[in-house]
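Single-structure report; data block below.
2 protein chains.
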Amino acid sequence: MKWAIIGTWKMSYQGILKASQQLEQNLSASDAVLTAIHDVEENPNFHSVGYSGLPNKEGIITCDAGYMDGTTLQVGAVGALEHVIHAIDVAKKCSETRFNNVLVGQGANIFAQKNGFANENLMSEETYQYYLKQLQNPKPLAAYNGHDTVGVLACDQKKHLIAATSTSGLFMKEPGRIGDSPLVGCGFYADDTIGCACATGVGEEIMRGCLSYDVIIRMKQGQDPQTAASQCVAEFSKRMIKQKGYVDAISLICMNQEGEIGVGTNVKFAFTYANDQHMPTIYIAEPKENGTSVRAITDSDIDID
Amino acid sequence: MKWAIIGTWKMSYQGILKASQQLEQNLSASDAVLTAIHDVEENPNFHSVGYSGLPNKEGIITCDAGYMDGTTLQVGAVGALEHVIHAIDVAKKCSETRFNNVLVGQGANIFAQKNGFANENLMSEETYQYYLKQLQNPKPLAAYNGHDTVGVLACDQKKHLIAATSTSGLFMKEPGRIGDSPLVGCGFYADDTIGCACATGVGEEIMRGCLSYDVIIRMKQGQDPQTAASQCVAEFSKRMIKQKGYVDAISLICMNQEGEIGVGTNVKFAFTYANDQHMPTIYIAEPKENGTSVRAITDSDIDID
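Chains A and B, in that order, are what the protein sequence lines are. Here the numbering used here is used: the first residue of the first sequence is 813, the next is one more, and so on. Here the numbering used here is used: the first residue of the second sequence is 813, the next is one more, and so on.
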């Protein structure tokens, strides 16, 4: 195949559609990934990424994003960034220097400001009302049925790989809380000589297993992407259940240098995949006894985002 | 052996001495690691950790710390924390919940305040003058001969492993810049079933290779700690030199479940090691053609910290 791209959740569909056209026109994996993520970041209907994301417990929306170039291994990330809808652009900008590649909090805000990223409002009326409702009638965080990080992996016609993530994080999180999405090796990783990977779910759980890098190493050692992703998540989930009696939601996607993909998950999960031979298509991944199974989406899959 | 502990750089010696006594008395790896790191954090002579650490380019001292419990895989970390000398204590506190384990910036400051960590001054007269001098006569960051993160690994008499790091980060860093030290898998990792590891050096370089987790996987797959650490750093350094023409400073220490250690480095590096059969001793590690060699420190090693 000439190129390939995959994004987490149904919400990535429209962005993947646009990005696929770019990859077909021989634009870079970087351009494609940014296009795909921008679409989710600006969409007011998605409440876990960028504009109209859900806020922390103080009612402030802060975003995390990560970006890795598989050719150079340059990493860029921002954590707890405010007032910028396209956190992924700031993360990419951070990746372009020798030092200061990961910026958090007020330092990230200042950097964004100095680099021309507009001082934007991320709160929509909808998310504001949702927040007020939570204050009045608190539900435990564990029950939050979050839609999560948008993670995108792409392989362009030059066989360059990019991995990137963007999220507004856990609803009602503590101020300053960052999840796995801006943590290289946990939320994302890319290496042209092996493959790329990214994660979505409960960040605190994902980071305990350093899961994006774990799946990269599996592929390096010869596991095909599907086996790698499936076993990575199944084994780690089993470990957590043995340790704590439960495991929080984890979904992982990966891609090798040939654009072949893998998906591992411990909850029902949806993703969008496209390559030069297949139109963007939404698939469903579900945890089974010893791994993950993947099938096409059907009309009865209304319970998934 | 009954217990073992290792710390980065000569500066860890006194703390390792105190922590060794605790391990001998059957205190936990957690207590020992905190003791060892506290000593470095409060020592005014060390300018890369805690009190008297060097500031960012705005003249503000911000600290990063990471903590991981090898038994539970619980992670705690703080990034760009201000006004707390013992950042490691805040990181450990963060590790104790299900969510919100990694806090950065103002959120980290608020958490520290709410949890009784005093609002402390970290700037000494010495570091203030050093900062003013840099402002008047700017030297490039790459030339900064930093002393770095204090990283400590311990295995107690119950065979529990802890990995922890603490640093004031790169001198003259951008506000909000965090390095590898608070990034699980990059700056630190611990898993009782395999071993533990931590890194010191230029954080941006270390994170590109997710090096702490990389060395853990090597040990999981049967490499002894010394081979794992040595090859991990040598291979990654070679990759970076091939990619960019140079590699920034990286030093890595690791320990398996038996308390046996490994050291990999691409610059001259010192560390302190002790176990129940050997008094705390400072060693020198140096990069050789295909790996790292280790020897006892001598009187002529005055160029190392």
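Ideal Cβ placement from N, Cα and C applies to all residues, glycine included. Computed from a prediction, not measured in an experiment: that's the story for all the values here.
Residue contact check for Tyr1025 of chain B against chain A: a CB pair falls below 7 Å. Below the 9 Å Cβ cutoff, chain A contributes Ala892, Gly917, Gln918, Pro987, Gly988 as neighbours of Gln918 of chain B, in chain order. With the criterion set as a beta carbon lying under 9 Å from some beta carbon of chain B, the stretch 1067-1101 of chain A has no members that meet it. Closest in C-alpha terms to Pro950 of chain B, from the list B:Lys869, B:Asp1115, B:Phe923, B:Val916, comes B:Lys869. With a cutoff of 7 Å on beta-carbon distance, Leu995 of chain B and Leu995 of chain A are scored as near each other.
Below the 7 Å Cβ cutoff, chain A contributes Lys985, Glu986, Arg989 as neighbours of Asn912 of chain B, in chain order. With contacts defined by Cβ atoms closer than 7 Å, Val896 of chain B and Leu915 of chain B do not form a contacting pair. When 9 Å is used as the limit between beta carbons, Gln1055 of chain A is near these residues of chain B: Thr883, Thr884, Leu885, in chain order. A check of alpha carbon separations from Ile974 of chain B across B:Ser980, B:Gly981, B:Val964, B:Phe983 identifies B:Val964 as the nearest. Contact between Ile900 of chain B and Ser978 of chain B is confirmed by a C-beta separation of about 5 Å, below the 8 Å threshold. Within chain A, Pro987, Gly988 have C-beta atoms less than 8 Å from the C-beta of Ile922 of chain B, given in sequence order. For the stretch 972-1003 of chain B, the continuous beta strand (DSSP E) assignments of 3+ residues that do not extend past its boundaries occur at 973-979, 1000-1003, in sequence order.
Look at Ile1109 of chain B here: in three-state DSSP terms it is coil, with no helix or strand label. DSSP, reduced to helix, strand and coil, places Asn921 of chain A within a helical segment of the structure shown. For Lys970 of chain A, the three-state secondary structure derived from DSSP is coil. For Met1019 of chain A, the neighbours in chain B by C-beta distance under 8 Å run, in chain order, Val887, Asn913, Val914, Val996, Gly997. Collapsing the DSSP output to three states places Tyr863 of chain A in coil. Fewer than three beta-carbon pairs drawn from the stretch 918-938 of chain B and the stretch 1001-1008 of chain B are found closer than 8 Å, and the two stretches are therefore not classed as touching. Residue range 841-854 is occupied by the alpha helix (DSSP H) that includes Ile849 of chain A. Only exposed fits His1090 of chain A, as fewer than 16 other CB atoms lie within 10 angstroms of its CB.
The beta-carbon of Cys1008 of chain A is placed no less than 7 Å from the nearest beta-carbon of chain B. In the assembly as shown, Pro952 of chain B is an exposed residue. Its beta-carbon has fewer than 16 other beta-carbons within 10 Å. Against chain B, the CB of Glu1016 of chain A has a partner CB under 7 Å away; the residue lies at that interface. If you check the CB distance, Gly1076 of chain B and Val1106 of chain B do not come in under 7 Å. Sixteen is the threshold: when 16 or more other Cβ atoms of the shown chains lie within 10 Å of the Cβ of Asn921 of chain B, as they do, the residue is buried.
At a cut-off of 7 Å between beta-carbon atoms, Cys1022 of chain A makes contact with chain B. The CB of Tyr1001 of chain B comes closer than 9 Å to the CB of Cys1022 in chain A, given here in chain order. A contact is defined here as three or more CB-CB pairs under 8 Å, and the stretch 822-835 of chain B meets this definition with respect to the stretch 849-856 of chain B. Setting aside the 5 residues that flank it on each side, Phe858 of chain B is surrounded in the same chain by Met823, Val852, each with a C-beta closer than 6 Å to its C-beta; the list follows chain order. The C-alpha of Asp968 of chain B is placed about 5 Å away from the C-alpha of Ala841 of chain B. A direct Cα-to-Cα measurement between Ile1018 of chain B and Leu885 of chain A gives close to 11 Å.
Taken through DSSP and simplified to helix, strand or coil, Gly891 of chain B comes out as strand.
An exposed status is given to Asp1115 of chain A, since fewer than 16 other beta-carbon atoms sit within 10 Å of its beta-carbon.
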